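The structure appears right after this line, and notes come after that.
Numbering (our numbering), first residue to last: 201 to 488.
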């Protein structure tokens, strides 16, 4: 059951409020060295640490060596995409068991297709794959997909599982592709001169404040909210205003960014998209 603006904790000092990540939002296991409960907490938002998915860097040391040798961002991005094509045999489907002409094969479903699907519909099949991947790798459970996912026996939750399974069926190590995409994103964020410190200020347009789980609110339109395990933000405040009457302004820890619009060449340029892992966040709600 969601808490809204009218029935949450009200305080004059949000710093004095102790709120832990609700149990419904996290799982016991993930692929990082932090617990999901810690990763999704307010202290993590304030003081983040690097997140490494276990084994990814070690398995792809040769890619990192090639990236380190390149000084230009666009060249590194192209090198990454070339590496993905070769390592995951994205251009040679017959080598991974696909039979030409088979009606159930999904040769073209790769990390790029999944990203485009998310941009097209954050409640679609590709989005279900991404939310399932976040749950597996970071231990933060999806809270919403075409409706609340509170009840594991509900039609909404069963439909989510069905979409997730269908989205990943008969693809080539799709979750491992997403693992490497996340690590490349983090690599590039660490090399960006425009990013200072451990956070980036991002924006999200919202129409109804009560569509979000608001756990506490304080002065200056600040609030503590529980976000879905994967969310769309933008680094363009004006762009955010196109999607709602209110703007949610958030200091997002860099390790919780899994993709941003300038990461790969010739893709998603006009969207201003930044994909952010969820959990508890201290936010500021403002009108444009």
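C-beta: ideal position from N, C-alpha, C; glycine also. Predicted, not measured: the structure shown is a model, and the values here were computed from it.
Taking buried to mean at least 16 other C-beta atoms within 10 Å of its own C-beta, is residue i buried or exposed?
i: residue 218; result: exposed
i: residue 440; result: buried
i: residue 259; result: exposed
i: residue 455; result: buried
i: residue 353; result: exposed
i: residue 282; result: exposed
i: residue 369; result: exposed
i: residue 372; result: buried
i: residue 419; result: exposed
i: residue 210; result: exposed
i: residue 291; result: exposed
i: residue 253; result: buried
i: residue 228; result: exposed
i: residue 310; result: buried
From what residue to what residue does the alpha helix (DSSP H) around residue i run?
i: residue 161; result: Only positions 201 to 488 of the chain appear in the structure, and residue 161 is not among them; the question remains open.
i: residue 409; result: Careful: residue 409 lies outside any alpha helix (DSSP H) and carries neither H nor E.
i: residue 308; result: Element bounds for residue 308: n/a, residue is neither H nor E.
i: residue 256; result: 256-259
i: residue 352; result: Segment: none, residue 352 is in no alpha helix (DSSP H) and carries neither H nor E.
According to the Cβ coordinates, are residue i and residue j closer than 8 Å?
i: residue 480; j: residue 428; result: no
i: residue 415; j: residue 426; result: yes
i: residue 236; j: residue 244; result: no
i: residue 269; j: residue 464; result: no
i: residue 367; j: residue 328; result: yes
i: residue 399; j: residue 451; result: yes
i: residue 355; j: residue 256; result: no
i: residue 308; j: residue 430; result: no
i: residue 279; j: residue 267; result: yes
i: residue 381; j: residue 320; result: no
i: residue 339; j: residue 421; result: no
Would you give the residue range spanned by the beta strand (DSSP E) that residue i belongs to?
i: residue 400; result: 399-406
i: residue 432; result: 422-434
i: residue 459; result: 457-460
i: residue 478; result: 473-487
i: residue 451; result: 446-453
Residue i: which of the options sits nearest, CA to CA?
i: residue 477; options: 461, 487, 457 and 486; result: 457
i: residue 337; options: 226, 276 and 222; result: 226
i: residue 374; options: 468, 285, 216 and 215; result: 285
i: residue 324; options: 333, 291 and 360; result: 360
i: residue 387; options: 264, 228, 207 and 275; result: 264
i: residue 423; options: 434, 410 and 432; result: 410
i: residue 362; options: 326, 291, 215 and 484; result: 326
i: residue 437; options: 419, 462, 430 and 485; result: 485
i: residue 190; options: 221, 230, 251 and 228; result: Nothing in the structure corresponds to residue 190, since the chain is present only between 201 and 488.
i: residue 404; options: 442, 418 and 383; result: 442
i: residue 204; options: 365, 417, 449 and 272; result: 417
i: residue 453; options: 232, 246 and 365; result: 246
i: residue 365; options: 346, 333, 349 and 444; result: 333
Whole angstroms are fine: how far does the CA of residue j sit from the CA of residue i?
i: residue 475; j: residue 391; result: 18 Å
i: residue 376; j: residue 212; result: 45 Å
i: residue 407; j: residue 248; result: 29 Å
i: residue 357; j: residue 432; result: 21 Å
i: residue 316; j: residue 434; result: 16 Å
i: residue 224; j: residue 341; result: 8 Å
i: residue 461; j: residue 468; result: 6 Å
i: residue 397; j: residue 384; result: 18 Å
i: residue 483; j: residue 250; result: 22 Å
i: residue 272; j: residue 207; result: 51 Å
i: residue 351; j: residue 262; result: 44 Å
i: residue 242; j: residue 472; result: 26 Å
i: residue 313; j: residue 215; result: 42 Å
Can you check whether the C-beta of residue i is within less than 8 Å of a C-beta belonging to chain C?
i: residue 324; result: No chain C is present in this structure, which holds just one protein chain.
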